[in-house]
Amino acid sequence: MGRRDRLKRKLNQPIVVEAPKTLDYSGFKFEITFRDTKSRARLGRLTTPHGTIETPNYIFCGTKASIKNLSPQHMRDAKTDIILANTYHLMIQPGPEVIERAGGLHKFMQWHGPMMTDSGGFQIFAMGHGGVADEIKGRNRNTNTRSLMGITEEGAKFKSYWNGDTLKLTPEASIDIQRRMGADIIYQFDECTPYHVERDYTATAMERSHRWGDRSLVEFEKGHNGRQALYGIVSGGIYDDLRTISCDWTKDRPFFGTAIGDCLGGSTEEFYEIVGKCMPQIHPDRPVHLLGIGAIRDVFSCVRMGIDTFDCVSPTRIARHGWALTRGGEGRINIRNAPFRDDQEPLDPSLDISASRDFSRSYIHHLFKAGELLGTQLVAQHNVAMINRLLREVRAAVKNGTLDALEKEWLGG
RNA sequence: GGAGGGGUGGCGGAGCGGUCAAUCGCACCAGACUGUAAAUUUGGCGCCUUCGGGCUACGCAGGUUCAAAUCCUGCCCCCUCCA
Numbered sequence: 001m002g003r004r005d006r007l008k009r010k011l012n013q014p015i016v017v018e019a020p021k022t023l024d025y026s027g028f029k030f031e032i033t034f035r036d037t038k039s040r041a042r043l044g045r046l047t048t049p050h051g052t053i054e055t056p057n058y059i060f061c062g063t064k065a066s067i068k069n070l071s072p073q074h075m076r077d078a079k080t081d082i083i084l085a086n087t088y089h090l091m092i093q094p095g096p097e098v099i100e101r102a103g104g105l106h107k108f109m110q111w112h113g114p115m116m117t118d119s120g121g122f123q124i125f126a127m128g129h130g131g132v133a134d135e136i137k138g139r140n141r142n143t144n145t146r147s148l149m150g151i152t153e154e155g156a157k158f159k160s161y162w163n164g165d166t167l168k169l170t171p172e173a174s175i176d177i178q179r180r181m182g183a184d185i186i187y188q189f190d191e192c193t194p195y196h197v198e199r200d201y202t203a204t205a206m207e208r209s210h211r212w213g214d215r216s217l218v219e220f221e222k223g224h225n226g227r228q229a230l231y232g233i234v235s236g237g238i239y240d241d242l243r244t245i246s247c248d249w250t251k252d253r254p255f256f257g258t259a260i261g262d263c264l265g266g267s268t269e270e271f272y273e274i275v276g277k278c279m280p281q282i283h284p285d286r287p288v289h290l291l292g293i294g295a296i297r298d299v300f301s302c303v304r305m306g307i308d309t310f311d312c313v314s315p316t317r318i319a320r321h322g323w324a325l326t327r328g329g330e331g332r333i334n335i336r337n338a339p340f341r342d343d344q345e346p347l348d349p350s351l352d353i354s355a356s357r358d359f360s361r362s363y364i365h366h367l368f369k370a371g372e373l374l375g376t377q378l379v380a381q382h383n384v385a386m387i388n389r390l391l392r393e394v395r396a397a398v399k400n401g402t403l404d405a406l407e408k409e410w411l412g413g
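Using this note's numbering, the first residue of the first sequence is number 1, and each one after it goes up by one.
So, in structure tokens, the structure goes:
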């Protein structure tokens, strides 16, 4: 065996720790208040130290401690309950110590409601492959700038996109950073595997993510005071048996909640199938989060399967590209398109925010064409308000048993 | 009046004998986007088409050549400098 091989073996030697059996979640509560009789849909109340939210609910992505284009006031006006920020980006800039000295994320960014942080695990995937669509379609836009340097048992190594520094993210580091930033809900460190890998790779990565999860729990337990709740992540990619193993693994650990993560397949149908098969195997009393998902039709489908919370960049990202969500019709319109040049109607007068009610499509079309940032802001706030309205209506419909009818109103057919 | 430079697709601007229906940028038309290195990115953009191709095109009119946006002649415009 050569030196290189010995080193490789050493780097991949499993690091096994014993996870705690129980943890203090005194600042948190998850109550299931209603169950649908026709599906697995359920209503709940998730209490955190920064407030209680009704579930199902939607978590908007403010990766760098900012919802792109929107202030906390914009978010509140759009009736947002909860947002998320990202460990990976914030550790690079401004660094966890800055946020800690500022008094934590809530104070730093002036968001006083419930918050979650992602562990940075997703960036192992994103930095290595560029993005979901690119990866699934076999494109790689980041060929020359790929910044994932490698994954070992200890953690993942990245090249900082900010200044080229070599960064290491381990389960311990991720939890430590998340603790110092102080979001209510935090995540175990995991790897999100790509679609185009062998089953063996997914299995190996899953087992490693489980060990990372145990290390996350151990680190989380240190100095823990019940002000944060840790979620475990179900991985296993597109393989039913691996998903089963992973569901069991999360169930056996003292996580407050469960998230469905990892690769969800190459199509919407495949991803519904994976979620559908996982749900009955997930801890029934804990809140279930679906990582990274959030198209309107996905919300309907996945609420029926029992998902409690979603998060997705889509509402704010597509807004910057001109797409405004609609209730009914095609589900969205692109305000840049020629037909809106002289359209005097607002985006949606039934939403009680100025962005949706007061400005004509003609004006917003103009703002986009003229490159005025106000355009992207108005559409972003509109989309956030729209999604929040969607989730409010979904909760009411679950209670009234009218989810099917509601879906028709939103998506037609 | 003298000297020089130039007129190319909606605009700007390459090309300076064939591989040019014409690089590129803008504008325009549409698409993609699912734990955000995204105000990113992809395609289309003369006319017709049975998608093989056909037709009309680089100021206007002639000419040279197997072949011209590219060379020659004349004409019409525009710009700079000198008087």
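Virtual Cβ for every residue (Gly too), placed ideally from N, Cα, C.
Look up residue i in the DSSP assignment and say whether it is helix, strand or coil.
| i | result |
| --- | --- |
| Lys68 | coil |
| His289 | strand |
| Asp311 | strand |
| Met419 | With the chain represented from 1 up to 413, any question about residue 419 goes unanswered, as that position is not in the structure. |
| Glu31 | strand |
| Gly39 | First, the amino acid is wrong: residue 39 is Ser here, not Gly. The answer is coil: DSSP assigns Ser39 none of H, G, I, E or B. |
| Ile282 | coil |
| Met109 | helix |
| Cys192 | coil |
| Pro415 | Since the displayed the chain opens at 1 and closes at 413, residue 415 lies outside it and no answer follows. |
| Ser360 | strand |
| Ala415 | Nothing about residue 415 can be reported from this structure: the residues present for the chain run from 1 to 413 only. |
| Pro14 | coil |
| Ala417 | The displayed coordinates of the chain run from 1 to 413. Any statement about residue 417 would go beyond what the structure contains. |
| Glu198 | coil |
| Asp404 | helix |
| Ala102 | coil |
| Leu390 | helix |
| Pro339 | helix |
| Ser26 | coil |
| Leu351 | coil |
| Lys464 | The requested residue 464 is not part of the displayed model; the chain covers only 1 to 413. |
| Gly412 | coil |
| Pro94 | coil |
| Asn383 | helix |
| Thr204 | helix |
| Tyr376 | Just to set this straight, residue 376 is Thr in the shown sequence, not Tyr. DSSP places Thr376 in helix when its eight states are reduced to three. |
| Thr268 | helix |
| Gly423 | Because the chain is modelled from 1 through 413, residue 423 falls outside the range shown and cannot be assessed. |
Since residue i and residue j are thought to touch, with beta carbons under 8 Å apart, how far apart are those beta carbons, to the nearest angstrom?
| i | j | result |
| --- | --- | --- |
| Gln228 | Arg297 | Contact doesn't hold; Cβ gap of about 33 Å is too wide. |
| Thr48 | Thr87 | Not really, about 18 Å apart at Cβ, beyond 8 Å. |
| Phe60 | Ile83 | 5 Å |
| Glu407 | Phe300 | 5 Å |
| Asn383 | Tyr58 | At roughly 11 Å, the Cβ-Cβ gap does not stay under 8 Å, so Asn383 and Tyr58 are not in contact. |
| Glu153 | Pro194 | Contact flag wrong, Cβ pair sits at about 19 Å. |
| Leu46 | Pro287 | 6 Å |
| Asp184 | Pro114 | 5 Å |
| Leu43 | Arg395 | 6 Å |
| Ile274 | Gly266 | No, Ile274 and Gly266 are not in contact; Cβ-Cβ is about 11 Å, not under 8 Å. |
| Pro284 | Glu219 | Not really, about 27 Å apart at Cβ, beyond 8 Å. |
| Asp343 | Arg361 | 4 Å |
| Ala19 | Arg253 | 5 Å |
| Thr414 | Thr55 | Nothing about residue 414 can be reported from this structure: the residues present for the chain run from 1 to 413 only. |
| Gly261 | Ser235 | 6 Å |
| Leu290 | Ala324 | Incorrect: roughly 24 Å between the Cβ atoms, too far for contact. |
| Gly164 | Lys157 | Their Cβ separation, rounded to whole angstroms, is 13 Å, which puts Gly164 and Lys157 out of contact at 8 Å. |
| His50 | His112 | 6 Å |
| Ser160 | Ile92 | 5 Å |
| Ala41 | Ala65 | About 33 Å; that fails the 8 Å criterion. |
Let me check one thing: in DSSP terms, what residues is residue i bridge-paired to?
| i | result |
| --- | --- |
| Thr48 | Gly51 |
| Lys168 | Lys157 |
| Cys263 | BP columns for Cys263 are empty, so no partner. |
| Asn334 | Trp323 |
| Thr117 | Ala85, Ile186 |
| Asn57 | Thr309 |
Which residue spans inside the segment 221–261 form an unbroken alpha helix (DSSP H) run of at least 4? 240–251
Quick one: any contact between the segment 226–245 and the segment 25–34, if contact means 3 or more CB pairs under 8 Å? yes
Is the segment 304–321 touching the segment 345–357 in the sense that three or more CB pairs, one from each, lie closer than 8 Å? no
Does the segment 368–385 come close enough to the segment 330–344 to have 3 or more Cβ pairs within less than 8 Å? yes
Under 8 Å, with one C-beta from each stretch per pair, do the segment 286–301 and the segment 236–245 reach the 3-pair mark? no
Would you call the segment 126–142 and the segment 92–99 touching, i.e. three or more CB-CB distances under 8 Å? no
At least 3 beta-carbon pairs within less than 8 Å: the segment 184–191 vs the segment 206–224: yes
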